[in-house]
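For the sequence shown, numbering that gives the first Met the number 0 assigns the number 0 to the initial residue and increments by one for each residue that follows.
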Amino acid sequence: MVSGSALAETIWIDVRSSEEFSQGHLPGAVNIVHTEISSKIGSVTQDKNAEIKLYCRSGRRSGLAEAALKELGYTKVQNAGGYEELSAKQPKKP
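Below, the structure written as structure tokens:
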């Protein structure tokens, strides 16, 4: 389960296209297309120890983005998988 406090402490990056992002995304997530992650991550954080979780539709693009960030020296990067699965784990609002 993705708790509200975990969302607040973690930088969530949606690496899908802007069109996919506009159709739905996790609350507080930032959209950076996976092919642009290396050049745009600095606008989100320059802290190489920041906790970053990446997701896409299935986990493939977020895996590519994870490898790119680790190559840049980011140490706490995780491929969180696919959006549909993550959004299903979100607490439902009453």
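Note that the Cβ used here is the ideal one computed from N, Cα and C, for glycine as well.
Since the model is a prediction, treat every value here as computed from it, not as a measurement.
Query: Cβ-based burial, residue 48 [other Cβ within 10 Å; buried from 16]; Result: exposed
Query: Helix, strand or coil at residue 62 [DSSP, three-state]; Result: helix
Query: The stretch 9-17 touching the stretch 48-57, judged by at least three CB pairs closer than 8 angstroms; Result: yes
Query: Terminal residues of the beta strand (DSSP E) in which residue 53 lies; Result: 50-55
Query: Proximity below 9 angstroms, CB of residue 76 to CB of residue 63; Result: no
Query: Coil, strand or helix - residue 36 by DSSP; Result: helix
Query: Sequence-distant residues of the same chain with beta carbon closer than 8 angstroms to residue 17, five excluded per side; Result: 30, 32
Query: Status (buried if at least 16 other CB within 10 Å, exposed otherwise) for residue 65; Result: buried
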